[in-house]
Amino acid sequence: MTNPDEERALEEWSQRLTQALQILDLRVDNDLLLKLADEASRAVNPSAGPISTFIVGYAAGRAATSGEKEATAAVRTAAQTALLVVEHGVSDRAPASDGWSDTAQ
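Residue numbering for the sequence shown is 1 to 105, as defined by the UniProt record's numbering.
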């Protein structure tokens, strides 16, 4: 994102939403999540972007509540794993057949 006004608005929105949802220990990496949404949308179809970010949030939430990781680190790890999956798209060559065991949350 290159527009400073848009960046500021998104940062304020992220902060407001995390406060409203009482997720006070989370620092949102908007650029990382936007990158994931954009790349997933291109690799699969436009709907894959928001679905991917939801799944990353869910996975990160599970990792954070189980005490495995701090919230921000859990999001970063889940998003990076999702970006690896996006690299392969929906091809039959994707390592998903192996279960991605080395990327477990």
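In this text, a Cβ means the ideal position worked out from N, Cα and C, and glycines have one as well.
GLU12 and VAL90 have their alpha carbons spaced roughly 34 Å apart. With a 10 Å radius around the Cβ and a threshold of 16 neighbouring Cβ atoms, LEU33 comes out buried. Here the segment 40-49 lies against the segment 72-90, with 3 or more beta-carbon pairs under 8 Å apart. In this structure, GLY57 is the residue among GLU6, GLY67, GLY57 and ASN30 with its C-alpha nearest to the C-alpha of VAL75.
Apart from the 5 residues on each side of it in sequence, LEU36 sits with its Cβ closer than 8 Å to the Cβ of GLY49, SER52, THR53, VAL56, ALA79, ALA82, LEU83 and VAL86 in its chain, given in chain order. Counting only runs of at least 4 residues, the UniProt domain "DUF6457" (6-81) fully encloses the following alpha helix (DSSP H) elements, listed from N- to C-terminal order: 30-43 and 48-65.
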